[in-house]
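Asks: I have a structure I would like to understand better, so I am pasting it below and will then ask my questions one at a time.
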Amino acid sequence: MRFHRLLDFALLVTTLAVPAQQHRHDDTYKVEDHHHKHEGTKRKRQCCDNLNQPGIFDYIVVGSGPGGGPVASRLARAGFSVLLIEAGTDTSGYQDVQVPSFHPRASELPRQLWAYFVERYEDPVQQLRDTKQVYLVPDDPSYYGAPFTGAGHCPPDPFGITYVLPNGRYYTGQFPPPGAIRLGLLYARGSALGGSTQMSAMAMVTPHEEDWVGLGEITGNYSTFDPHMMREYFVKLENCKYLINSVLGHGFTGWLDISLTPLTLVLQDFKLLSLVIATATAIGKAGGFLGGLITTVTGLTHIFASDLNAPGQGRDFDSDIWQVPNAVSPDRHSIRSGVIDLIRSTAQEGYPLYVQLDTMVTKVLMDTSGPIPRAYGVQYEYGPNLAYMSTLSTKQHGIPGYAYARYDVILSGGVFETPKLLKLSGIGPADELSYWGIPVIANLPGVGANMQDRYELGSVGLATTPFAAFKDCRYSVEPDPCLDKWRAGSTPIDQGPYVSNGLALGTTLSTSVNDGPTPDIFIVAVPAYFAGYYPGYATCATLDALHWTFVILKMKSRNNAGYVRLRSLDPLDQAEIQFNNFAIGGDLDAQAVAEGIQRARDIYASVIPLDGSLTEVIPGLEYQGPSLIQYIRDNAWGHHACCTARLGAYGDPFAVVDADFRVMGVAGLRIVDGSIWAKGIGYYPTVPLYMLSERAADVIMGQQSVPLGLNDLNNFDATGPVGTLAAALLGTAGFGGPPEANQPGGLLNGLKGILGKRWNAFGPAVSQ
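Residue numbers (mature numbering (1 follows the signal peptide of the UniProt record, and there is no 0)): -22 to -1, 1 to 746.
Written as structure tokens, this is what we have:
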């Protein structure tokens, strides 16, 4: 391509004009498999350097979460050089991340929290009916010393929209102090090596077979997503810790540890035991088991169905009570397991995986000199906490840089960031791009559309006496006897309640409005006060040992009216995020959630008072019939958003990605993350994304494209003078001003006469 030959020339001129820098030569490798691409000397090295220097790689992967982490690691293990770019840092050493029971605290850990503020309704009246109002508290003595304002239960109004005051303190409730500015509802995402898997509740559940069949139907490519083949990817990634290694359909050598909470924890607490029995009673399963349950683990196991991750459609169709599999590593002192383990081992074992942390990709570089546009690299900014969604952001821009890909740029930024980045790069709805003055590279109306989420609601119960298993737990507030036990124990049984993420019990339910063959409600039980997300919810969740919550998850909602749109041209800014709750199929979805709440109430009513009773306090038994439906519409939340750059067939006007993960109408650009689902999938998003990412790696390696004209740059070290002169050579774009102000500076801008008219204000190689 003419542009790339000229780029090679410009880089060469700069190299000759600048003294060479000292280079790194310790990151070489050797791969023996004949299928692998590279040969060299492989040495162990430390994981995850902050390189802050451009270079040329076979692949660039943007985002290290459950979508980007596996595909980057697999490509590197096949011998391809991969740059994995992550906006966050490595938080795996934080206690809040490691301890399974601390996952609510992990989701509010400032170093890895991106606090998005979203809207649930376009109707402002309906929007304000959601009582999750959050404000910043004025600097007034009447508020001093109170973790939450107001009186009564914790917090005063457990749901809230977020407002901000000039002094930066939040308030949760419906009556903000004077001067408050409404931001929206809190939607927490993870920005760290491993993405949101570093803050999630660690529930690891395989999707239904029908989910993979649905992808085949919408793309017209059944072979890519064959359910039995996709199961093999689960076998490949799983290291099952709760079954003997001869069980078919499970893996025992993979990179993801999956375990179950020890049932001995239940036997140590009569109230927990009563809730298990009551749950079984509510679904008609407890008869004949009570005697064995009281004294033995063996008796207790008969209550639970065999395996929530069992292969085949029998599991898919079953309404039952289950132990929820968790990403907890019993062989590593019961700490969180996740894709970060695969990333770290891949890099440390010497494969050509280069991890650049604290780096925000701001644009995909496009060459439009050929018959179709082609991605050939990324523009980024380097620095910690750059995104404005970070609670540590100083609203300052970072050091600019560039990196280049011989084959593909792979976007894995997630449901909010991937469509935002596509649009900033000229890929999306033409009318929206034109509104912002962005040249249209590819008119794809589906970018940012079709957003979906589950509906969730908590049925919070208050016990008359504390749960014995948790009454001594302080959740890291020293002294903490439960934390001491977790640290001192040698096995999960010895380590006490903190080995559990709290999601030890789940039940599936098919409601009266279910229009599919698989259950439409999943109810998971947690020993906490959990009534939604708002600043400080983690503190409230663990203030005492008296609360229990049945979290109702409406799987596969009918609504896809949500969207992600640009809010500004600043790539560090949050996008506009609107879910449009209940806009499509809302009556049926609300009814399903109501039946889930009723099932929770049935369980509370069935509790044998071995150690006190429980009464629902949220929503409260006063909400029945139409008032309960309205309460659900007002207060339901979600945190499994998806589907904003969906898969589809060519000819589908709203498809963004084809069955091979390629962005339609653009070469060298793929997406591997939760934005590409066409519909919500499975129970929880993490395992399906892991499986999808493993599949994507094989698809990509089987379709290796012709490399760009960047190979000539191998004759000199692009990480030396090019790295030093990143900003001077390629220029720094301005942000926040009108489009005409975004003029690149630096040497290449001075070489316009050489590069010709294909250089414009939005970057290189845009057709005129």
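Think of the CB as a built atom: it goes at the ideal place given N, C-alpha and C, for glycine as much as any other residue.
Bear in mind that the values here come from a model prediction, so they are computed numbers and not experimental data.
1) For the putative contact between residue 749 and A503, defined by C-beta atoms under 8 Å, what is the C-beta separation to the nearest angstrom?
2) DSSP puts S591 in a beta bridge; with which residues?
3) Report the start-end ranges of each alpha helix (DSSP H) in the stretch 576 to 651 that is 4 residues or longer and not cut off at the edges.
4) Any heavy atom of the ligand ATP closer than 8 Å to the Cβ of G660?
5) Report the rounded CA-to-CA distance for A260 versus I281, giving the unit in angstroms.
6) Name the DSSP bridge partner or partners of residue 784?
7) Assess contact between the stretch 86 to 97 and the stretch 239 to 256, defined as three or more Cβ pairs (one per stretch) separated by less than 8 Å. Is contact present?
8) Taking the straight line between their C-alpha atoms, what separation do you get for residue 774 and K657?
9) Just list the alpha helix (DSSP H) runs in the stretch 417 to 487, keeping only unbroken ones of 4 residues or longer that don't cross its boundaries, in chain order.
10) Between T175 and T396, which are expected to be in contact by the criterion C-beta below 8 Å, what is the C-beta distance as a whole number of angstroms?
11) Where do the ends of the alpha helix (DSSP H) carrying C518 lie?
12) Take the Cβ of I416 as the centre, count every other Cβ of all protein chains shown within 10 Å, and call the residue buried at 16 or more, exposed below.
13) Three or more C-beta pairs under 8 Å: does that hold for the stretch 332 to 351 against the stretch 363 to 381?
14) How is the alpha helix (DSSP H) around K214 delimited, first residue to last?
15) How far does the alpha helix (DSSP H) with H228 in it reach, from first residue to last?
16) Thinking C-beta only, is I501 closer than 9 Å to R577?
17) So, for P459: in the same chain, excluding its five sequence neighbours on each side, which residues have a beta-carbon less than 8 Å away from its beta-carbon?
18) Skipping 5 residues on each side, what residues in its chain have a beta carbon closer than 6 Å to that of K398?
19) To the nearest angstrom, report how far apart I159 and N613 are at their CA atoms.
20) Out of D676, I678, I196 and W655, point me to the one whose CA is closest to L667's CA.
21) Roughly how many angstroms lie between the CA atoms of E188 and P205, to the nearest whole one?
22) Pull up the distance between the alpha-carbon of V225 and that of V213, whole angstroms please.
23) Is T197 closer than 9 Å to A637 when the C-beta atoms are compared?
24) Determine the extent of the alpha helix (DSSP H) in which Y668 is found, giving its start and end residues.
25) In this structure, what does DSSP give as the bridge partners for E97?
26) So who's on the other strand from R167, going by DSSP bridges?
27) Give every residue of the same chain whose Cβ lies closer than 6 Å to the Cβ of Q(-1), excluding the five residues on either side of it in the sequence, and list them in chain order.
28) In whole angstroms, what is the alpha-carbon distance linking M642 and V342?
29) Tell me whether E359 sits in a helix, a strand or coil according to DSSP, three-state version.
30) Grab me the residues of A54's own chain with a C-beta within less than 6 Å of its C-beta, minus the 5 sequence neighbours each way, in chain order.
31) Would you check if there are 3 or more beta carbon pairs closer than 8 Å linking the stretch 540 to 554 to the stretch 425 to 440?
32) Quick check on L487 - is its C-beta less than 9 Å from some C-beta in chain B?
33) Can you list, in chain order, the residues of its chain whose CB lies under 7 Å from that of L524, leaving out five sequence neighbours each side?
34) So the alpha helix (DSSP H) W526 belongs to, where does it begin and stop?
35) Please determine, among C25, S584 and G436, the residue with the shortest C-alpha to C-alpha distance to P529.
36) Tell me the DSSP secondary structure of G162 in three-state form.
Replies: A quick look at the data gives this:
1) Because the chain spans -22 through 746 in this model, residue 749 falls outside it and cannot be assessed.
2) Along the sequence shown, read from residue 1 onward, the residue named residue 591 stands at position 613. None, per the DSSP bridge assignment.
3) 603 to 613
4) Absence of the ligand ATP from the depicted structure is noted, as is the absence of any ligand whatsoever, leaving it without description.
5) On the sequence shown, position 282 is the one that residue 260 refers to. On the sequence shown, position 303 is the one that residue 281 refers to. The straight-line gap from Cα to Cα measures roughly 12 Å.
6) Examination of residue 784 is not possible in this model, given that the chain is present from -22 through 746 alone.
7) no
8) In the structure displayed, the chain extends from -22 to 746; residue 774 sits before or after that span and is not available.
9) 459 to 466
10) Along the sequence shown, read from residue 1 onward, the residue named residue 175 stands at position 197. Along the sequence shown, read from residue 1 onward, the residue named residue 396 stands at position 418. Contact doesn't hold; Cβ gap of about 17 Å is too wide.
11) Here residue 518 refers to the residue found at position 540 when the sequence shown is read from its first residue. That run of the alpha helix (DSSP H) goes Y515 to A519.
12) Along the sequence shown, read from residue 1 onward, the residue named residue 416 stands at position 438. Answer is buried; the Cβ neighbour count reaches 16.
13) yes
14) Indexing the sequence shown from 1 puts residue 214 at position 236. Per DSSP, K214 belongs to the alpha helix (DSSP H) from P205 to L215.
15) The sequence position of residue 228 within the sequence shown is 250, counting from 1. H228 -> no alpha helix (DSSP H), and no H or E assigned at all.
16) Translated into positions along the sequence shown, residue 577 becomes position 599. Translated into positions along the sequence shown, residue 501 becomes position 523. Yes, the Cβ-Cβ distance between R577 and I501 is below 9 Å.
17) Residue 459 sits at position 481 when you count from the first residue of the sequence shown. Closer than 8 Å at Cβ, skipping near neighbours: D450, C451 and R452.
18) Walking along the sequence shown from the start, residue 398 turns up at place 420. So the list reads A553, once near-sequence residues are dropped.
19) Taking the first residue of the sequence shown as position 1, residue 159 is located at position 181. Taking the first residue of the sequence shown as position 1, residue 613 is located at position 635. Rounded to the nearest angstrom, the two C-alpha atoms are 21 Å apart.
20) Start at 1 with the first residue of the sequence shown, and residue 667 comes out as number 689. Among D676, I678, I196 and W655, the Cα nearest to that of L667 belongs to W655.
21) Mapped onto the sequence shown, residue 188 falls at position 210. Mapped onto the sequence shown, residue 205 falls at position 227. Taking the straight line from one Cα to the other gives about 8 Å.
22) Numbered from its first residue, the sequence shown carries residue 225 at position 247. Numbered from its first residue, the sequence shown carries residue 213 at position 235. Each residue's alpha carbon lies about 11 Å from the other.
23) Counting from one through the sequence shown, the residue named residue 637 turns up at place 659. Counting from one through the sequence shown, the residue named residue 197 turns up at place 219. Yes, Cβ-Cβ distance for A637 and T197 is below 9 Å.
24) The residue given as residue 668 occupies position 690 in the sequence shown. That run of the alpha helix (DSSP H) goes T664 to G680.
25) Mapped onto the sequence shown, residue 97 falls at position 119. Paired residues: Q556.
26) Residue numbering aside, residue 167 sits at position 189 when the sequence shown is read from its first letter. Answer is W92.
27) Position 22 of the sequence shown holds residue -1. With a pLDDT of 27 at Q(-1), under the threshold of 50, the predicted position of this residue should be treated as unreliable, though the coordinate-derived value follows. Nothing meets the Cβ criterion.
28) Along the sequence shown, read from residue 1 onward, the residue named residue 642 stands at position 664. Along the sequence shown, read from residue 1 onward, the residue named residue 342 stands at position 364. M642 and V342: Cα-Cα distance of roughly 15 Å.
29) In the sequence shown, residue 359 corresponds to position 381, counting from 1. Note: E359 maps to strand in three-state DSSP.
30) Along the sequence shown, read from residue 1 onward, the residue named residue 54 stands at position 76. Only V60, T324, Y329, P330 and L331 meet the Cβ criterion.
31) yes
32) Reference to chain B is not applicable here, since this structure consists of a single protein chain.
33) Taking the sequence shown and counting its residues from 1, one reaches residue 524 at position 546. Hits under 7 Å: L440, A441 and P444.
34) Working through the sequence shown from its first residue, we reach residue 526 at position 548. Looking at the DSSP string, W526 is not in any alpha helix (DSSP H); the run it does join, the beta strand (DSSP E), is H525 to K532.
35) Here residue 529 refers to the residue found at position 551 when the sequence shown is read from its first residue. According to the sequence as given, residue 529 is Val; it is not Pro. It is G436 whose Cα lies nearest to the Cα of V529.
36) In the sequence shown, counting from the first residue as 1, residue 162 sits at position 184. The answer is strand: DSSP assigns G162 an E or B state.
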